[in-house]
Every structure is written in structure tokens, then in C-alpha cells.
Amino acid sequence: MFKYQILLPGVPVTSERGALGWCTVALIRMGDKIILFDTGSYGDRALLLNRLAEIGLSIDQIDMVFISHLHFDHFINAEIFSESQIFVPERDVEYVISGEFRDCGDTYVPELFVKAMQERLTPVKDGQEIFSGLEVISLPGHTPGTLGLFYKKEGVIFASDAVKNAWEFMQEIPPPSFYSEKEALTSYKTIRRKARIIIPGHDNPFSLNPDGHIDYLASEQTVINTFVYPEKGKRAIPLQ
């Protein structure tokens with residue numbers, strides 16, 4: 129039986145100082161097996177552990193971790209899942225180890241971290257099945273090896289940063305494409321052709337309707353607290 133839930137909702141926000149890196153972290157259950165899709169960034173670690181504890185899970189109970197691409201905000205917490213099999217894109221491993229990412233101006237790759245963990249990583253590629261019915265799908269552009277997971281029976285694609293948020297997707301604006309903007313747009317077409325439900329990299333899940341519009345399937349809200357003198361105390365700014 130296939131079930132999923134969002135542990136950490138992605139946040140569609142950037143800034144003059146670059147991406148905040150708050151990505152979607154999802155838990156997938158396939159029968160009695162548990163898969164974590166992406167792991168978030170350092171700043172997410174405590175909250176991720178808390179969310180797992182809230183649903184009665186410890187890190188040792190995660191059977192598999194699936195990393196969509198080797199950027200810090202999706203990969204960096206993989207290290208704490210010492211008992212889990214860690215799947216990563218085969219092409220992105222090459223991209224990092226060869227140094228190709230530097231030629232692409234990709235500043236989000238934690239190179240030393242990837243190299244330190246290389247022996248623990250299981251490379252995967254397009255078309256492989258993690259479990260029966262749960263298929264690896266190639267969605268390049270953002271990086272050369274960006275992968276998603278596709279549950280064909282229900283038309284669910286865990287797209288990660290191949291679809292960063294609904295607004296860009298609906299406007300046909302490709303995600304930041306360190307490798308190929310053309311391939312990123314082709315990945316959009318692949319997703320539109322296959323998906324009924326999209327789990328984006330930095331937004332809430334949404335469904336694609338026959339009329340071409342979308343419906344959000346969740347309304348998780350993230351709040352930033354600011355501390356700016358001379359205001360009295362903190363000021364909460366809701367982002368969604």
C-alpha cells in the first residue's frame with residue numbers, strides 16, 4: 129500500500145542573499161517499508177527529528193533515503209540516517225566528483241560532504257523501481273541528474289526542484305538551471321504528461337486539473353520571526 133505525508137513543507141521564498149533552502153521533505157510508506165524523500169538542510173535537522181518522533185519513528189526505522197539531487201538543502205541531513213540505504217542520482221555523483229559542477233557555476237553543491245559519504249551512497253537512474261510501482265524518473269535541468277519518484281497507479285510525482293513551486297510551473301518559468309534550462313522545460317512537459325499530483329521542491333503539494341488549473345492539497349504555513357529595533361518583541365511574518 130502506498131501512502132505519503134509531508135514532514136517539512138517546502139517554502140517558495142528567495143531573497144537578495146540567495147535561496148533560503150527550505151525544501152519539501154516527504155515520508156513515503158510502501159507496505160511496511162519507509163522511505164524518506166530528501167532530507168532538508170542543517171537548519172531543518174532538529175525539526176525533522178521532532179516530526180519523525182511525533183509520528184512514532186526514529187531515524188533507525190527509515191529503511192531508505194532517496195535524494196533527488198546533490199544540493200545542500202536536500203542532501204545534507206542524509207548523514208544522520210546511518211542505518212538507511214541512501215539512493216542518489218548516478219549522474220549527479222559524476223557531476224560532483226568530476227568537478228563539472230564548478231563549470232556550471234553551481235554553488236549549492238557540498239562537495240566535501242558528498243565525497244566523504246560516497247561509499248555509503250547507492251547510485252540510481254531513470255527507470256529503476258525502488259519498490260514495485262514506485263519508479264525513479266529522470267527530471268534533468270536544475271542539475272544534470274535531478275531525479276523524482278513516480279507512483280504511476282495514482283499519478284503522484286515527487287518532483288523536488290524539477291518543480292520548485294506552483295507559480296513558476298504554471299508560468300512555464302524553469303527553476304534555476306545550473307545544467308540546462310532547455311532540459312528543465314522538457315522536464316516540465318514530462319511531469320505534465322504523467323502527473324496528477326505534484327510534490328514540488330519548495331511549495332505545498334498540488335493537483336493538476338483537466339482545465340489546466342491547480343488545486344493545493346495542503347496549506348501548511350511557515351512563519352519568519354523578525355527582531356528589529358525599536359519594535360516591541362518579535363514580529364511574525366507568515367509566508368504562506
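Quick note, the sequence shown lines up with residues 129 to 368 if you use this note's numbering.
Cβ atoms here follow ideal geometry from the backbone N, Cα and C, with glycine treated the same way.
Three-way DSSP call (helix, strand, coil) for residue i in this model
{"i": "residue 144", "result": "coil"}
{"i": "residue 71", "result": "Here the chain has residues from 129 to 368 only, and residue 71 is not among them."}
{"i": "residue 348", "result": "coil"}
{"i": "residue 189", "result": "helix"}
{"i": "residue 198", "result": "coil"}
{"i": "residue 289", "result": "helix"}
{"i": "residue 233", "result": "coil"}
{"i": "residue 253", "result": "coil"}
{"i": "residue 172", "result": "helix"}
{"i": "residue 301", "result": "coil"}
{"i": "residue 332", "result": "coil"}
{"i": "residue 204", "result": "helix"}
beta-carbon residue i near the ligand ZN non-hydrogen atom, thresh 7 Å
{"i": "residue 151", "result": "Ligands displayed in this structure: none; no statement on the ligand ZN is therefore possible."}
Straight-line gap, residue i to residue j (C-alpha atoms, nearest Å)
{"i": "residue 252", "j": "residue 150", "result": "24 Å"}
{"i": "residue 291", "j": "residue 336", "result": "13 Å"}
{"i": "residue 156", "j": "residue 250", "result": "18 Å"}
{"i": "residue 246", "j": "residue 165", "result": "18 Å"}
{"i": "residue 175", "j": "residue 153", "result": "11 Å"}
{"i": "residue 216", "j": "residue 274", "result": "9 Å"}
{"i": "residue 351", "j": "residue 179", "result": "17 Å"}
{"i": "residue 282", "j": "residue 293", "result": "21 Å"}
{"i": "residue 194", "j": "residue 353", "result": "31 Å"}
{"i": "residue 295", "j": "residue 288", "result": "15 Å"}
{"i": "residue 284", "j": "residue 163", "result": "15 Å"}
{"i": "residue 346", "j": "residue 136", "result": "12 Å"}
{"i": "residue 313", "j": "residue 286", "result": "17 Å"}
{"i": "residue 207", "j": "residue 243", "result": "12 Å"}
Cβ-based burial, residue i [other Cβ within 10 Å; buried from 16]
{"i": "residue 355", "result": "exposed"}
{"i": "residue 268", "result": "buried"}
{"i": "residue 343", "result": "exposed"}
{"i": "residue 271", "result": "buried"}
{"i": "residue 341", "result": "exposed"}
{"i": "residue 311", "result": "buried"}
{"i": "residue 129", "result": "exposed"}
Boundaries (first-last residue) of the alpha helix (DSSP H) holding residue i
{"i": "residue 319", "result": "309-322"}
{"i": "residue 224", "result": "218-225"}
{"i": "residue 267", "result": "It is not in any alpha helix (DSSP H) - residue 267 carries neither H nor E in the DSSP assignment."}
The beta strand (DSSP E) enclosing residue i, as first and last residue numbers
{"i": "residue 242", "result": "Unbroken run through residue 242 is the alpha helix (DSSP H), 239-245; no beta strand (DSSP E)."}
{"i": "residue 131", "result": "130-136"}
{"i": "residue 157", "result": "153-158"}
{"i": "residue 163", "result": "161-165"}
{"i": "residue 278", "result": "275-279"}
Margin query: Would you call the stretch 293-304 in contact with the stretch 257-267, where contact means no fewer than 3 C-beta pairs closer than 8 Å?
Written below: no
Check: If you pair each beta-carbon of the stretch 165-181 with each one of the stretch 217-225, do three or more pairs fall below 8 Å?
Finding: no
Notebook entry, point to check: Would you call the stretch 230-239 and the stretch 193-204 touching, i.e. three or more CB-CB distances under 8 Å?
Noted result: yes
Notebook entry, point to check: Between the stretch 183-190 and the stretch 319-330, are three or more C-beta pairs nearer than 8 Å?
Noted result: no
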